[in-house]
Amino acid sequence: MASPAPEPHRYDFAAAEPRWQREWAARGCFHVADCPADGRRKYYVLEMFPYPSGRIHMGHVRNYTLGDVVARYQRARGAVVLHPMGWDAFGLPAENAARERGIHPARWTYDNIATMRGELQRMGLSLDWSREFATCDPSYYRHQQALFLDFLKAGLVERREAWVNWDPVDQTVLANEQVIDGRGWRSGAPVEKKLLSQWFLKITRFAPDLLAALETLERWPERVRVMQEKWIGRSEGARVRFPLTEAKADFAAIEVYTTRPDTLYGMSFLALAPEHPLAAALSAENPAIAAFIAECRRLGTSEAVIETAEKQGLDTGLRVRHPFLPDQTFPVWIANFVLMEYGTGAIFGCPAHDQRDLDFARKYRLPVRPVVLPPGAEAASFAIGDEAYDGPGAVFNSGFLDGLAADAAKRAAIEALARGGHGEGVVNWRLRDWGVSRQRYWGCPIPVIHCEACGVVPARDLPVLLPEDVSFDRPGNPLDHHPTWKHVPCPDCGRPARRETDTFDTFVDSSWYFARFCSPRAERPVDPEAARHWLPVDQYIGGIEHAILHLLYSRFFTRAMRATGHLALDEPFAGLFTQGMVTHASYRGADGRWLYPDEVETFADGSARHRDTGEAVSVGRVEAMSKSKRNTVDPGAIIARYGADTARWFILADNPPERDMEWTESGVQGAFRFIQRLYRLVAEIAAEGAAPGAAPADLSPPARSLRQATHRAIAAVTEALENFGFNIAVARIHELANALAETPAGPGADLRFARREAATILSRLVAPMMPHLAEELQTLLAADALLVAEQPWPEADPALLIRDQVTIAVQVLGKLRGTVSLPPGSPEAEVARLAMADPNVAKALAGRRIVKQIFVPDRIINFVIAAG
RNA sequence: GCGAGAGUGGCGGAAUGGUAGACGCACGCGACUCAAAAUCGCGCGCCGCAAGGCAUGGGGGUUCGAGUCCCCCCUCUCGCACCA
Numbered sequence: 006m007a008s009p010a011p012e013p014h015r016y017d018f019a020a021a022e023p024r025w026q027r028e029w030a031a032r033g034c035f036h037v038a039d040c041p042a043d044g045r046r047k048y049y050v051l052e053m054f055p056y057p058s059g060r061i062h063m064g065h066v067r068n069y070t071l072g073d074v075v076a077r078y079q080r081a082r083g084a085v086v087l088h089p090m091g092w093d094a095f096g097l098p099a100e101n102a103a104r105e106r107g108i109h110p111a112r113w114t115y116d117n118i119a120t121m122r123g124e125l126q127r128m129g130l131s132l133d134w135s136r137e138f139a140t141c142d143p144s145y146y147r148h149q150q151a152l153f154l155d156f157l158k159a160g161l162v163e164r165r166e167a168w169v170n171w172d173p174v175d176q177t178v179l180a181n182e183q184v185i186d187g188r189g190w191r192s193g194a195p196v197e198k199k200l201l202s203q204w205f206l207k208i209t210r211f212a213p214d215l216l217a218a219l220e221t222l223e224r225w226p227e228r229v230r231v232m233q234e235k236w237i238g239r240s241e242g243a244r245v246r247f248p249l250t251e252a253k254a255d256f257a258a259i260e261v262y263t264t265r266p267d268t269l270y271g272m273s274f275l276a277l278a279p280e281h282p283l284a285a286a287l288s289a290e291n292p293a294i295a296a297f298i299a300e301c302r303r304l305g306t307s308e309a310v311i312e313t314a315e316k317q318g319l320d321t322g323l324r325v326r327h328p329f330l331p332d333q334t335f336p337v338w339i340a341n342f343v344l345m346e347y348g349t350g351a352i353f354g355c356p357a358h359d360q361r362d363l364d365f366a367r368k369y370r371l372p373v374r375p376v377v378l379p380p381g382a383e384a385a386s387f388a389i390g391d392e393a394y395d396g397p398g399a400v401f402n403s404g405f406l407d408g409l410a411a412d413a414a415k416r417a418a419i420e421a422l423a424r425g426g427h428g429e430g431v432v433n434w435r436l437r438d439w440g441v442s443r444q445r446y447w448g449c450p451i452p453v454i455h456c457e458a459c460g461v462v463p464a465r466d467l468p469v470l471l472p473e474d475v476s477f478d479r480p481g482n483p484l485d486h487h488p489t490w491k492h493v494p495c496p497d498c499g500r501p502a503r504r505e506t507d508t509f510d511t512f513v514d515s516s517w518y519f520a521r522f523c524s525p526r527a528e529r530p531v532d533p534e535a536a537r538h539w540l541p542v543d544q545y546i547g548g549i550e551h552a553i554l555h556l557l558y559s560r561f562f563t564r565a566m567r568a569t570g571h572l573a574l575d576e577p578f579a580g581l582f583t584q585g586m587v588t589h590a591s592y593r594g595a596d597g598r599w600l601y602p603d604e605v606e607t608f609a610d611g612s613a614r615h616r617d618t619g620e621a622v623s624v625g626r627v628e629a630m631s632k633s634k635r636n637t638v639d640p641g642a643i644i645a646r647y648g649a650d651t652a653r654w655f656i657l658a659d660n661p662p663e664r665d666m667e668w669t670e671s672g673v674q675g676a677f678r679f680i681q682r683l684y685r686l687v688a689e690i691a692a693e694g695a696a697p698g699a700a701p702a703d704l705s706p707p708a709r710s711l712r713q714a715t716h717r718a719i720a721a722v723t724e725a726l727e728n729f730g731f732n733i734a735v736a737r738i739h740e741l742a743n744a745l746a747e748t749p750a751g752p753g754a755d756l757r758f759a760r761r762e763a764a765t766i767l768s769r770l771v772a773p774m775m776p777h778l779a780e781e782l783q784t785l786l787a788a789d790a791l792l793v794a795e796q797p798w799p800e801a802d803p804a805l806l807i808r809d810q811v812t813i814a815v816q817v818l819g820k821l822r823g824t825v826s827l828p829p830g831s832p833e834a835e836v837a838r839l840a841m842a843d844p845n846v847a848k849a850l851a852g853r854r855i856v857k858q859i860f861v862p863d864r865i866i867n868f869v870i871a872a873g
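Written out as structure tokens, the structure is:
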């Protein structure tokens with residue numbers, strides 16, 4: 006399809022949009038100071054910054070449109086709005102490009118940024134581009150290195166050994182999602198578990214506060230808070246030590262974590278995780294144990310296997326004593342379902358009251374001893390079948406705990422454990438410390454130096470810059486291979502030492518960018534005054550996929566930066582909005598290959614053909630846009646063909662922003678038609694000539710009605726925008742446009758005024774959503790010293806929000822039988838009189854006695870009649 | 001399995017316990033046109049000629065009145081998933 010040719014009375018978006026973008030930039034409409042001097046209200050709106058992958062996609066368009074509406078609306082409402090943009094620019098794709106195409110990661114990244122910046126600018130976003138930065142800029146990451154060293158000094162960083170997924174071919178660490186069916190996603194080689202020294206940020210130190218403060222995040226989606234709460238995973242229980250009958254390899258006892266100390270008397274076995282140190286020690290002298298552990302490790306890498314894996318175990322032959330039953334001993338097993346990462350990596354098995362333990366006990370014929378009696382059950386006859394009982398009840402078969410309810414029994418058991426030195430009550434957390442070491446080139450260097458004599462020494466002279474002359478023709482970390490880079494003298498003793506060659510997880514980069522935007526050129530990570538002024542972010546907008554990691558890491562960084570004196574802030578994001586995905590129908594040709602929407606012509610009956618070959622095309626599911634399904638639509642092409650305002654308007658109009666939206670060609674065209682219609686409407690009014698400056702005192706009914714519609718629209722659109730109801734705002738704007746189109750020009754000044762007022766208000770109301778069109782409409786109506794982008798938000802006149810007549814529903818026995826029209830505030834008797842005069846109502850009431858009359862002023866009157 | 005959310009016309013969706021389906025898309029008819037596009041007008045939940053009846057996943061309940069509140073069930077989506 007060719008671009009629509011400009012015609013008279015046709016909006017030429019292709020000329021107008023760049024013109025207004027230049028005008029906004031020239032006038033610095035969206036520029037704000039780090040520390041604004043005036044006393045106006047501040048508002049910080051931030052969208053999750055993009056990874057510079059090459060081109061923007063529709064998800065970006067949706068995200069940044071939503072944020073821009075908020076920013077422009079808040080600006081019109083009188084706030085000084087901080088609305089910045091930058092680039093989450095470190096990461097693996099840049100290294101892949103280097104390997105595959107021989108382009109340096111920096112070159113690839115900055116080229117992509119240039120392309121994508123242009124695309125975002127063509128969207129007409131009201132961004133303060135003077136604040137732009139990329140996380141791969143040394144001027145950004147030097148401050149990140151400084152923060153890390155401050156965290157190190159404050160004891161918020163730890164170096165320790167940890168298991169990683171190791172790809173032996175690529176010689177690199179893999180993230181969990183890069184391991185597919187136990188193999189590296191690039192090399193296809195079986196992944197190995199390897200123990201490496203890694204840097205950890207001690208997020209667990211803040212676990213209690215990260216959990217407790219979730220409650221203060223009132224403007225966060227409930228489900229995000231729930232997801233974080235589960236991720237942090239607080240539980241209360243007890244640590245219990247079971248002495249071994251015979252000490253083994255430094256172990257005199259095995260420590261277990263349990264949330265059910267009330268069921269200790271129901272113990273039937275103890276189980277270790279295959280990775281438990283004691284298991285490792287045993288495997289050294291017992292080949293059967295070694296083989297079993299190896300088998301668990303082999304199966305352990307694939308999630309699909311874990312889901313279906315049967316419980317398996319091996320009796321080690323060791324036995325432990327029970328703290329409450331000194332004359333009994335229990336077997337120690339190694340079991341594949343016990344997790345080393347949680348608790349102590351060992352459990353006590355109580356099959357009667359834990360399904361997993363029961364499954365295990367049945368398989369290996371271990372005893373099942375009930376110790377909690379469900380209400381109403383008989384102690385003598387109660388037995389466990391195939392289902393463990395984890396409900397409430399009274400403890401029995403349990404010595405001194407008999408008769409107690411669960412909570413009391415837990416307290417009593419913990420007390421007894423403590424008294425006997427066998428254990429204590431503890432709070433346990435699921436949250437792990439955050440491993441931030443990555444064996445990669447394209448990331449922020451971790452600024453430490455390893456010295457044989459002095460140990461870990463913080464680097465001086467930040468930034469520690471990435472070397473530019475690196476080669477990607479060998480597997481592994483190019484920093485490690487670099488001939489000279491890592492060899493440096495120790496800053497403390499001056500002897501030869503070596504740099505840390507690991508770089509930071511890119512989640513580190515995005516954990517504090519929101520703060521850097523307040524003072525992006527400051528000589529320290531954040532300027533305290535700027536941070537105090539702008540933070541927290543008033544509205545953060547992005548995808549739900551970041552519900553846990555990114556948002557939790559940012560919350561951790563806020564606390565760590567507070568602890569090191571960089572911020573005085575509790576929470577980074579006061580408001581969070583998570584948008585839905587952009588979806589599209591998918592198409593497949595006769596041979597099953599995926600087709601791009603551009604290649605397909607669709608028909609009203611739902612069928613589709615190939616545009617060129619005419620072959621039948623099957624229309625598949627509507628699903629998230631993805632390159633592999635080819636159901637993507639390029640924002641650049643849409644903007645070139647229809648303009649940015651069309652894309653923005655369609656995105657906002659289609660459905661509520663938190664839901665997935667379906668991108669359709671007809672929807673885009675509908676948005677395009679509405680823009681043209683508005684333009685024609687306003688152009689026509691502009692041609693009518695000047696209107697009175699103030700509203701004439703006497704308004705004819707159509708003029709009055711139009712003015713009321715105008716002011717109702719102001720009130721309704723305002724309310725909708727306040728609540729992220731953009732689709733509702735669009736509907737109300739359509740209504741006003743319809744009302745205006747239906748009110749023809751008349752000879753009187755009153756109509757001229759009302760029509761011009763409606764047109765002017767329309768231009769203001771659409772401005773946050775279609776900013777270019779708004780400027781163009783205002784230009785049609787009058788030359789104004791101020792751009793729409795500089796105009797205040799319109800205010801509704803309360804007098805015009807009152808209706809002359811209201812329609813009141815008339816019900817008989819709850820069923821609608823008619824309506825009556827009356828001035829608002831009409832008394833009940835008057836409404837009832839008129840209602841009963843309605844023939845339809847009269848018919849329904851004929852011969853019946855009215856028992857009761859329900860009246861809701863201005864809304865409804867309901868006659869309740871006697872039965873029969 | 002656990003948790004969260006959602007089921008309303010052909011479609012996206014609207015609706016402080018008070019006229020269900022606003023607004024849009026699609027579709028149909030008409031006007032304009034040589035014609036098409038664009039535009040404008042009318043129609044458009046289902047059944048029915050009509051009167052009217054039936055309709056918000058299904059079933060029950062509260063209420064003068066339920067899409068909305070309560071209980072049970074079904075389906076779908078998204079998280080988490082052997083967390084002791």
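Take any residue in the first sequence, count from 1 to its spot, add 5: that is its number in my numbering.
The beta-carbon is built from N, C-alpha and C at its ideal position, and this holds for glycine as well.
query	result
Can you tell me which residues form a DSSP beta bridge with Thr264?	Looking at the DSSP assignment, Thr264 forms no beta bridge with any residue, so it has no partner.
Would you mind giving the Cβ-Cβ distance between Pro55 and Met128, rounded to the nearest angstrom? I have them listed as a contact below 8 Å.	Their Cβ separation, rounded to whole angstroms, is 12 Å, which puts Pro55 and Met128 out of contact at 8 Å.
List the residues that DSSP assigns as beta-bridge partners of Asp320.	Trp338
Could you please give the first and the last residue of the uninterrupted beta strand (DSSP E) stretch that includes Glu241?	Arg239 to Lys253
CA-CA distance, Ala552 and Gly404?	47 Å
For Phe608, count the other beta carbons within 10 Å of its own beta carbon; 16 or more makes it buried, fewer makes it exposed. Which is it?	exposed
May I ask you to report which of helix, strand or coil DSSP gives His358?	helix
Near Trp338, what residues of its chain come up, given a Cβ to Cβ distance below 6 Å and the 5 sequence neighbours on each side ignored?	Phe274, Ala276, Gly318 and Asp320
Is the stretch 716-728 in contact with the stretch 649-661, if contact means three or more CB pairs nearer than 8 Å?	no
For Leu87, which residues from the same chain have a beta carbon less than 6 Å from its beta carbon, with the 5 sequence-adjacent residues on both sides left out?	Val37, Tyr49 and Trp539
Going by other Cβ atoms of all chains shown within 10 Å of its Cβ, with 16 needed for buried, is Thr489 buried or exposed?	exposed
Which ranges would you report for the alpha helix (DSSP H) in the stretch 730-760 if only whole runs of at least 4 residues count?	731-746
Exposed or buried, which one is Glu308 when buried takes at least 16 other CB atoms within 10 Å?	The predicted position of Glu308 is uncertain, since its pLDDT is 42 and thus under 50; a value taken from the coordinates is nonetheless stated next. Exposed, since its Cβ has fewer than 16 Cβ neighbours within 10 Å.
What residue from Val817, Gly753 and Arg416 has the CA that sits closest to Ile855's CA?	Val817
Which same chain residues end up closer than 6 Å to Glu606 when comparing Cβ atoms and leaving out the 5 residues on each side of it in sequence?	Arg614 and Arg616
For Leu556 and Gly547, I'd like the C-alpha separation in whole angstroms.	10 Å
Report the three-state DSSP secondary structure of Leu470 (helix, strand or coil).	coil
Give the C-beta separation of Val325 and Ala278 to the nearest angstrom, bearing in mind that I take them to be a contact with Cβ-Cβ under 8 Å.	No, Val325 and Ala278 are not in contact; Cβ-Cβ is about 16 Å, not under 8 Å.
Return yes when the Cβ of Phe519 is within less than 8 Å of the Cβ of Ser559, no when it is not.	yes
Under DSSP, the alpha helix (DSSP H) around Gly64 begins and ends at which residues?	Met63 to Ala81
Would you kindly check if the distance between the Cβ of Ala464 and the Cβ of Pro494 is under 8 Å?	no
With a CB to CB cut of under 6 Å and the five nearest residues on each side skipped, what residues in its chain are close to Ala754?	Pro697 and Pro701
Assess contact between the stretch 61-73 and the stretch 166-177, defined as three or more Cβ pairs (one per stretch) separated by less than 8 Å. Is contact present?	no
For Arg244, count neighbouring Cβ atoms within 10 angstroms of its own Cβ and tell me buried if that reaches 16, exposed if not.	buried
Can you tell me the Cα-Cα spacing of Asp863 and Ile813, whole angstroms?	6 Å
Using the Cβ count rule (16 or more neighbours within 10 Å means buried), how would you classify Glu312?	Residue confidence is low: Glu312 scores 47 on pLDDT, short of 50, so the model does not pin down where it sits. No coordinate-derived value is stated.
Could you tell me the boundaries of the alpha helix (DSSP H) in which Ile680 lies?	Glu670 to Ala692
Going by CA-CA distance only, name the one from Trp599, Asp133, Ala649 and Gly594 that's closest to Val622.	Gly594
Which residues share a DSSP beta bridge with Glu163?	Phe205
Mapping the DSSP letters down to three states, classify Val624 as helix, strand or coil.	strand
According to the neighbour-count rule (16 or more other Cβ atoms, all chains shown, within 10 Å of its Cβ), is Val453 buried or exposed?	buried
Could you round the C-beta distance between Met630 and Thr563 to whole angstroms and report it? I think they count as a contact, below 8 Å.	No, Met630 and Thr563 are not in contact; Cβ-Cβ is about 33 Å, not under 8 Å.
Roughly how many angstroms lie between the CA atoms of Arg939 and Glu762, to the nearest whole one?	Since the first residue shown for the chain is 6 and the last is 873, residue 939 is missing from the structure and cannot be characterised.
Apart from the five residues just before and just after Lys198, which ones in its own chain have a Cβ nearer than 6 Å to its Cβ?	Trp168
Given this structure, state the Cα-to-Cα distance separating Gly894 from Trp434, to the nearest angstrom.	Lying outside 6 to 873, the shown extent of the chain, residue 894 is not represented and no answer is given.
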